[in-house]
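When you line the sequence shown up against the numbering used here, it's residues 270 to 656, in that order.
No residue lacks a Cβ here, since even glycine has one placed at the ideal position from N, Cα and C.
What you are looking at is a predicted structure, and each value in this text was computed from that prediction instead of being measured.
Below you'll find the structure, written out as structure tokens, and then a few comments.
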Amino acid sequence: MGSKALFTVKCLLQNRLRFFLTVISIAVGVSSVLIINCVSDFGVSAVSSELDSLGMNGLIVSSDTGSNIISNDDINKIDHLDGVEQVAPVTVSTSKVYSSSAESIDAMIWGIDERADDVVSFGLLYGRFIDKSDIMSNRKVCMLDQSLAVELFGRENIVGKSIDLLCSSTVESFEVIGVVKTGKSIMQALMGNYFPAFLYTPYTSFGNLTNYNQLFLKMDGSVPSEAVTESVKNELTSNKGKITVTDLASQKGILENMLNTVTNILTVIGAVSLLVSGISIMNIMLISVNERTKEIGIKKSIGATRKDIMLDFLMESVIISVTGTIMGITAAIILAKGASVVLKYNFTVGTLSVFYAVIISGTLGIFFGIFPAYKASKFRPVEALRR
Numbered sequence: 270m271g272s273k274a275l276f277t278v279k280c281l282l283q284n285r286l287r288f289f290l291t292v293i294s295i296a297v298g299v300s301s302v303l304i305i306n307c308v309s310d311f312g313v314s315a316v317s318s319e320l321d322s323l324g325m326n327g328l329i330v331s332s333d334t335g336s337n338i339i340s341n342d343d344i345n346k347i348d349h350l351d352g353v354e355q356v357a358p359v360t361v362s363t364s365k366v367y368s369s370s371a372e373s374i375d376a377m378i379w380g381i382d383e384r385a386d387d388v389v390s391f392g393l394l395y396g397r398f399i400d401k402s403d404i405m406s407n408r409k410v411c412m413l414d415q416s417l418a419v420e421l422f423g424r425e426n427i428v429g430k431s432i433d434l435l436c437s438s439t440v441e442s443f444e445v446i447g448v449v450k451t452g453k454s455i456m457q458a459l460m461g462n463y464f465p466a467f468l469y470t471p472y473t474s475f476g477n478l479t480n481y482n483q484l485f486l487k488m489d490g491s492v493p494s495e496a497v498t499e500s501v502k503n504e505l506t507s508n509k510g511k512i513t514v515t516d517l518a519s520q521k522g523i524l525e526n527m528l529n530t531v532t533n534i535l536t537v538i539g540a541v542s543l544l545v546s547g548i549s550i551m552n553i554m555l556i557s558v559n560e561r562t563k564e565i566g567i568k569k570s571i572g573a574t575r576k577d578i579m580l581d582f583l584m585e586s587v588i589i590s591v592t593g594t595i596m597g598i599t600a601a602i603i604l605a606k607g608a609s610v611v612l613k614y615n616f617t618v619g620t621l622s623v624f625y626a627v628i629i630s631g632t633l634g635i636f637f638g639i640f641p642a643y644k645a646s647k648f649r650p651v652e653a654l655r656r
């Protein structure tokens, strides 16, 4: 078998230029499909990771009227439900923020506690997060997103600065203890189009100690999000009709399914180039059959069967296809590693994608090589020698 394969390779190399051009066309098709899958997989993974960091693997319980109707008793009930890992109470309001230059900016004010960072990743850039002592002492402290910090003071790191905040009808001074990354939390993801300025402060700093208008729930994955949603609704029977539970996990799943669909469509588009490569294999093999009719006649005259002739040409088409596939896989891996170094992202060619590429290329080699091989096997020895 080894000598037969070696002979087949020698036959292919008789016309090196034609062989390598065909192989390159296959390599381009394979590498394009693998690169599309590589980029798409990275995109799906990156989006999923970013959504998780925003808190979109949990639930949001919110008051329909905006009033503070969620109590600490409600939080304790929800916190003990199966599937709930952490609960963070939130109060939401709008107010004006004043800088030292007396400029005012409309901002979304989020009253949170120390548990909020366990549920939603804020992306702290400077300073510290709100802690339990801030809550217990009703301390007038706050965190700003970086865009608001720049707008108020012209720079990002403003830890230690003071800002004035309109509370009810009075203006009170708050110390900035932290600056968080703009667009890094679910609050900004949901409301950023309406209120570009975000400020986070202990919910007790406004005198609120027992009631809230929103809860952020982080799930542990042990119970389906749909079941947790129903359990939360059942626990909040006293506020039935006044509370909305938003399942961010299911919305995340819908978005991921959409991204996977786009990936599949792009893969099919890329696979068209493989089909074109397969047709080029068939074309080259037909030319090869016509050029080697005397060789076929000699083989048949010394006892070669139709099956032997077919296997010879099928092996050639498979070798062309597999060689092109190996080159395409190698090129895709090199490009992925190069892009990872240059762009500082982790692009990887999946093992499963490589496996499918090898299977498909082998199948293409056989499928598009059958007709030329069959045509070669039909030659009669005398007719073949006359050509």
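As far as DSSP is concerned, Tyr643 takes part in no beta bridge. Residue pairing by DSSP puts Tyr395 in a beta bridge opposite Val448.
Close CB contacts of Gly593 within its chain, under the 6 Å cut and outside five residues either way in sequence, are with Val292, Ile295 and Ala296 (chain order). In the DSSP assignment, Gly566 falls within the unbroken alpha helix (DSSP H) covering Thr562 to Ser570. One thing to note: Thr470 has its Cβ within 9 Å of the Cβ of Ile399. Looking at Asn426, Ala385, Ile512 and Asp343, the one whose alpha-carbon comes closest to that of Asp333 is Ile512.
If you draw a 10 Å sphere on the C-beta of Val531, you find fewer than 16 other C-beta atoms in it, and that means exposed. Ser416: member of the alpha helix (DSSP H) spanning Gln415 to Phe422, first to last residue. In the structure shown, Lys521 adopts helical secondary structure according to DSSP, grouped into three states.
A straight-line Cα-Cα distance of about 7 Å links Ser416 and Ala466.
The criterion of a C-beta distance shorter than 9 Å is satisfied by Ser331 and Asn482. Here the alpha carbon of Gly312 sits roughly 14 Å from the alpha carbon of Leu612. Under the DSSP definition of a beta bridge, Ser586 lacks any partner.
Per the coordinates, the alpha-carbon of Gly631 lies some 12 Å from the alpha-carbon of Ser546.
Following the DSSP letters along the chain, one finds Thr498 inside the alpha helix (DSSP H) bounded by residues Ser494 to Glu504. Apart from the 5 residues on each side of it in sequence, Ile602 sits with its Cβ closer than 7 Å to the Cβ of Val618 in its chain, given in chain order. Judged by their CB atoms, Ile629 and Ala540 are nearer to each other than the 9 Å cut-off. Thr506 and Asp343 have their alpha carbons spaced roughly 10 Å apart. DSSP, reduced to helix, strand and coil, places Leu435 within a strand of the structure shown. Each of Val361, Asn306 and Ser431 was checked against the Cα of Val440, and the nearest Cα belongs to Ser431. In the structure shown, Gly619 falls within a coil segment according to DSSP collapsed to helix, strand and coil. A residue is called buried once 16 or more other Cβ atoms fall within 10 Å of its Cβ, and Ile598 is buried on that count.
Looking only at Val610, Asn341 and Ser438, the smallest Cα-Cα distance to Glu504 is reached by Asn341. DSSP places Leu486 within a strand segment (E or B) once states are collapsed to three.
Residue burial is scored here from C-beta neighbours: Ser368 has at least 16 other C-beta atoms within 10 angstroms and is therefore classed as buried. Counting along the chain, Val514 sits inside the beta strand (DSSP E) bounded by residues Ile512 to Asp516. Taking a contact to require three or more Cβ pairs closer than 8 Å, the segment 356-364 and the segment 488-495 do not qualify as touching. Taking 9 Å as the cut-off, the Cβ atoms of Lys569 and Arg649 count as close. Out of Ala357, Ala605 and Asn552, the CA that lies nearest to the CA of Ala385 is found in Ala357.
In chain order, Ser332, Asn480, Asn482, Asn508, Lys511 and Ile512 place their CB closer than 8 Å to the CB of Ile338, counting only its own chain and leaving out the 5 sequence neighbours on each side. Secondary structure note for Lys365: its beta strand (DSSP E) is the uninterrupted segment Val353 to Tyr367. For Val428, the CB contacts under 7 Å within the same chain, skipping 5 residues up- and downstream, are Tyr395, Gly396, Val445, Ile446, Gly447 and Val448 in chain order. With contacts defined by Cβ atoms closer than 9 Å, Gly352 and Val591 do not form a contacting pair.
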